[in-house]
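Trainee:
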Amino acid sequence: MELKKYLSKRNFNETTEPHEKTKEHSSQSLLFVVQMHNASHLHYDFRLELDGVLKSWAIPKGPSLNPNDKRLAIQVEDHPYSYHNFEGTIPKGNYGAGEVIVWDKGNYSALGAKSQKESEQFIRQGLKKGHLKFVLNGHKLKGEFSLIRFQGDDKQWLLIKKSDVYASQVSILEKNESVLSQRIISLDPKKTGKNPKKTRNSILIQKEIQKTTMPQIIKPMLATLVDKPFDHPDWLFEIKWDGYRALAQIHNQSVFLWSRNHLSFNSRFDPIVKALNEMTVDAYLDGEIVVLNENGQPSFQLVQNYLKNQEGFLVYYVFDLLYLKNNDLRELTLLQRKELLKQILPKNSRIRFCEHLIQEGKAFFKVASQAGFEGIVAKRIDSTYQSTRSKKWLKIKTHQRQEAIICGFTTPRGSREHFGSLLLGVYKDNELLYVGHTGSGFDQKSLTYVRDLLKPQETCPFSFPPKLHQPTTWVKPELVCEIQFAEWTKEKIMRQAIFIDLREDKKKQEVVLEEEVKVKKILQETSPISKQQKIKPSIHTELSFTHLDKIYWPQEGYTKGDLLEYYRSISPLILPYLKDRPETLHRYPNGIGQPGFYQKDLLHAPNWVQIETISHEEREVHYIIINDEQSLLYVINLGCIELNPFNVRRQSLHYPDYLILDLDPEGISFDYVIEVAQGIHHILDPLDIPHVCKTSGATGLHIYIPMGTRYTFEETTQFGKLIAHLAHEKMPDLTSLERNPKNRQNKVYLDYLQNNFGQTVVAPYSVRPKPEAPISTPLSWKEVKVGLRPTDFTIKNCLKRFQKVGDLFKPILGKGINLEKILKQLDD
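Take a look at the structure:
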């Protein structure tokens, strides 16, 4: 049992985390626990009991029941067994400071094991091999899972749910309460509540919220119709309920239930009003009134006729919260509003929270279609509430539906009474246009009811009278109905139109020709980048950017969008040093506050991305090649902060373009690194050896010498060794050739071994995943002087410098040295 690392990281005089070093008791089965941990970033700690401790992994995105999700899991130090019950606040200034709750807990067994002893044996073997298979039996997580270790990285794993009866597309993370105490971690990272009901009236009002008097009238936010479903991590998806849109104002113990046109629904849907009256907080809600049939499905006919026959079960599905008390929430993001909404809605009531699914729009649409729903609604998770038709709210219908105005009817034939077909119209550019007719969907009762409401008139209401072949009676264009149809013709006429019911909640002026917009266009327009007109790739292949507001540098507040914009801006400078070179990506998908990882193998890139397969001793690796701005932005969008190219091009894999000397200080001031760099400069300059210095972006400096693809790796490395020995002879008190850091304390390590095949060094102009977002910056030799600091050049100030000084690194790609001539000079 190894807990030294766990114990060394904690001050038990301040933190209440367990100090026990041994297992509390002997259980009948192996335990697992998942703790929700809101530290510098919210994440989930997944722990498996083994050999008296909890083997632990940090999962930034949290576990999933969807087999298509592959969750990154970073293995961390073992925790004591007693940690499985830990909940509470780790104090500020301590390791992992923040709130912790037990999100899930239960027992587990290794897949195929017949006993606890065999389970332990299988798990030990799996840890060594890098592949664990186990079955969880928790409150939230159930069924078979795998943990698979990345090749070449002991700490990076993937947690994957296997396809079984417990697999689900629905996000299990929506269940955010503790399984021990029912505590939740609130939106405020400083607050955790034991009982959500007790915290409803003390919800944190953030800076985006304005304190104003609650208005009586708010126009609803409307969705744009698009052509097809889609997947996108910045969007959530809800059911499109087949009912009446309704806004509810709960204020001073009174309830006002409004239609979208501000008609009162109070008397018509009295059970909803009574249920809203039971809420103890002032709020303004937005949702859909639905009547469920005996199968639990929404029925528009039932909601239309509810006042007459009271058939079905009346429900108000609420999907948005606009005001809470006198606090205007409309400038909060949709996810923030829905989180607050979930806290205030009653349980076991006609008032229900409208659940949603993030990212998986295609699968959600398929389920909605199979279940017979009208469609789904897609909403950007960061959208504010705007009282207009928005492209940040979209609707995707499972069947073609269109509201239409009844403009006339034809004479009935045969035994049919009242009318044959209804003639239908919609507005377009303030003109009433004919869009077809319907004679289907009626029974004797609805034929009578509709005919009694029609008011004949002599004139045709259409702007362009249609050519009809039956006797027709025109009517005042007042009544609105809902139509389902097969498709639009080229002339914009509905084929196979079927009457659903009248729409008493809609005004005729709202009935417009609803044409589908291409979802591809919408996603481009609603991207924050498109809004800023930034980061436009210079070639025509489509590239979508995601999570642009995600904080990558917590202390400075720099975002992923800032990183993308920087690389787009400097792409002409950096691309010559990336072109045709295999790349190792240093990825931080959750910012530098969370663990990152190196990636060489890129197996699932788009077909327009160039891949170079290189055989190493043990396996083949598929490296990305970054030859253009498009490919550069593609890898940055993956969360790559730092680029590490080979010092060879794929056309000459065994002949380096340049030699690198890495000056790496060990417990010594950066001023001494500068002194060593100048010492090497004074060695190389008299020999007419071209060389350029750049900051590493961390604590050291890099000196490059052009080799011109004329020499092998062995020859290049030997020349680097020679220079390092010359520098060490000149500066023995400042430099070291020792590889072991313990043996080079207070000296600058002269690392010439970065020139072996497959070794990489950060590219010039690359950002480093360090505080302040420093840049690996080329220097003139007059700049390499005392007072220089690696953090002088950052993502925020480098662009002006590069515009002023140009590309100082350019000589490295020029004509290489004549090694034979230099060696002869040294011999002389």
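Take the sequence shown: its position 245, counted from the start at 1, is 245 in full-length UniProt numbering, and no numbers get skipped. Cβ atoms here follow ideal geometry from the backbone N, Cα and C, with glycine treated the same way.
Do you know how far the Cα of residue 792 is from the Cα of residue 669?
Mentor: Going from the Cα of residue 669 to the Cα of residue 792 covers about 16 angstroms.
Trainee: Flag this pair as touching only if the region 710–720 and the region 809–822 have three or more C-beta atom pairs under 8 angstroms; answer yes or no.
Mentor: Cβ pair count under 8 angstroms is three or more, so yes.
Trainee: Using C-beta distances below 7 angstroms, list every residue in its chain close to residue 14, excluding the 5 sequence neighbours before and after it, in chain order.
Mentor: Counting only Cβ-Cβ distances below 7 angstroms, and skipping sequence neighbours, we find 91 and 94.
Trainee: CA-CA distance, residue 320 and residue 134?
Mentor: Approximately 40 angstroms, taken between the alpha carbons.
Trainee: In the region 124–191, which residue ranges form an unbroken beta strand (DSSP E) of at least 3 residues, counting only runs that do not cross its ends?
Mentor: Here the runs fully enclosed are 131–138, 142–149 and 156–161.
Trainee: Residue 829 lies in the beta strand (DSSP E); which residues open and close that run?
Mentor: Outside the displayed span of the chain (1 to 828) sits residue 829, for which this structure offers no information.
Trainee: Residue range of the beta strand (DSSP E) that residue 76 falls in?
Mentor: Residue 76 -> beta strand (DSSP E) spans 70–80.
Trainee: Would residue 554 and residue 596 qualify as a contact pair, given that the criterion is a beta-carbon distance under 8 angstroms?
Mentor: No, they are not a contact pair.
Trainee: Three Cβ pairs or more, each shorter than 8 angstroms: is that satisfied between the region 493–511 and the region 439–448?
Mentor: Contact holds: three or more Cβ-Cβ distances are below 8 angstroms.
Trainee: Using the C-alpha atoms, what's the distance from residue 100 back to residue 732?
Mentor: Whole-angstrom Cα-Cα distance: 51 angstroms.
Trainee: Would you report the Cα separation of residue 448 and residue 394, rounded to the nearest angstrom?
Mentor: In a straight line, the C-alpha of residue 448 is about 37 angstroms away from that of residue 394.
Trainee: Tell me which same chain residues have a C-beta within less than 8 angstroms of the C-beta of residue 674, skipping the five on either side of it?
Mentor: Result list for residue 674: 701, 784, 785, 786 and 788, in chain order.
Trainee: How close, in whole Å, do the beta carbons of residue 636 and residue 564 come, if the pair is a contact with beta carbons under 8 angstroms?
Mentor: Going by Cβ atoms, the distance from residue 636 to residue 564 rounds to 5 angstroms, so yes, they are a contact pair.
Trainee: When you compare only the Cα positions, how much space is there between residue 800 and residue 703?
Mentor: Near 24 angstroms, if we compare the C-alpha coordinates of residue 703 and residue 800.
Trainee: Return the chain-ordered list of same chain residues with a C-beta closer than 7 angstroms to the C-beta of residue 411, the five sequence neighbours on each side being excluded.
Mentor: Taken in chain order, the residues that qualify are 420, 470 and 471.
Trainee: Report the CB separation of residue 361 from residue 317 in whole angstroms; it is logged as a contact under 8 angstroms.
Mentor: Actually they do not touch by this definition, with Cβ atoms about 19 angstroms apart.
Trainee: From residue 633 to residue 39, what distance separates their C-alpha atoms?
Mentor: Cα-Cα distance, rounded: 30 angstroms.
Trainee: Opposite residue 640 in the DSSP bridges: which residues?
Mentor: Residue 640 pairs with 587.
Trainee: Count Cβ pairs between the region 115–129 and the region 573–585 that sit closer than 8 angstroms; are there 3 or more?
Mentor: Not touching, per the Cβ criterion.
Trainee: Would you mind stating whether residue 676 and residue 717 have Cβ atoms separated by less than 8 angstroms?
Mentor: Against a cut-off of 8 angstroms, the Cβ pair of residue 717 and residue 676 comes out as no contact.
Trainee: Thinking just about the alpha-carbon of each residue, which of 706, 696, 766 and 561 is nearest to the one in residue 642?
Mentor: Here the closest residue by C-alpha is 766.
Trainee: Exposed or buried, residue 616, counting other C-beta atoms within 10 Å across all chains shown (16 or more means buried)?
Mentor: Per the 10 Å Cβ criterion, exposed.
Trainee: With a threshold of 16 other CB atoms inside 10 Å of the CB of residue 392, please say whether the residue is buried or exposed.
Mentor: Residue 392 should be labelled buried.
Trainee: Ignoring anything shorter than 4 residues, give me the alpha helix (DSSP H) runs that lie fully in the region 706–781, in order along the chain.
Mentor: Listed in chain order, they are 713–730.
Trainee: Between the alpha carbons of residue 178 and residue 42, how many angstroms are there, rounded?
Mentor: Cα to Cα, residue 178 sits roughly 15 angstroms from residue 42.
Trainee: By alpha-carbon positions, which one of 347, 336, 168 and 775 ends up nearest to residue 69?
Mentor: Nearest of 347, 336, 168 and 775 to residue 69, Cα basis: 168.
Trainee: What does DSSP give as the partner residue(s) for residue 616 in the beta ladder?
Mentor: Answer is none; residue 616 lacks a bridge partner.
Trainee: Run the CB neighbour count on residue 347, radius 10 Å, all protein chains shown included, and call it buried at 16 or more, exposed below.
Mentor: It is exposed - the Cβ of residue 347 has fewer than 16 other Cβ atoms within 10 Å.
Trainee: Can you grab the Cα-Cα spacing for the pair residue 665 / residue 751, in whole Å?
Mentor: Roughly 10 angstroms separates the two Cα atoms.
Trainee: Going by other Cβ atoms of all chains shown within 10 Å of its Cβ, with 16 needed for buried, is residue 241 buried or exposed?
Mentor: The residue is buried, with at least 16 neighbouring Cβ atoms inside 10 Å.
Trainee: Taking a contact to mean a Cβ-Cβ separation below 8 angstroms, would you say residue 73 touches residue 141 in this structure?
Mentor: No. Outside cutoff.
Trainee: Using CA atoms only, rank isn't needed, just tell me which of 779, 719 and 315 is closest to residue 821.
Mentor: When each option's Cα is compared against that of residue 821, the closest is 719.
Trainee: So is the beta-carbon of residue 500 under 7 angstroms away from any non-hydrogen atom of the ligand COA?
Mentor: Within the structure as shown, the ligand COA is missing, as the structure has no ligands at all.
Trainee: I believe residue 222 touches residue 401 by the beta-carbon criterion, under 8 angstroms. Please report the beta-carbon distance rounded to the nearest angstrom.
Mentor: About 15 angstroms; that fails the 8 angstroms criterion.
Trainee: Kindly provide the ranges of any alpha helix (DSSP H) runs that are 4 or more residues long and lie completely inside the region 216–255, ordered along the chain.
Mentor: Whole alpha helix (DSSP H) segments, 4+ residues: zero.
Trainee: Can you check which of these residues, 523, 110, 558 and 682, is closest to residue 546 by C-alpha distance?
Mentor: Of the listed residues, the one whose Cα sits closest to residue 546 is 523.
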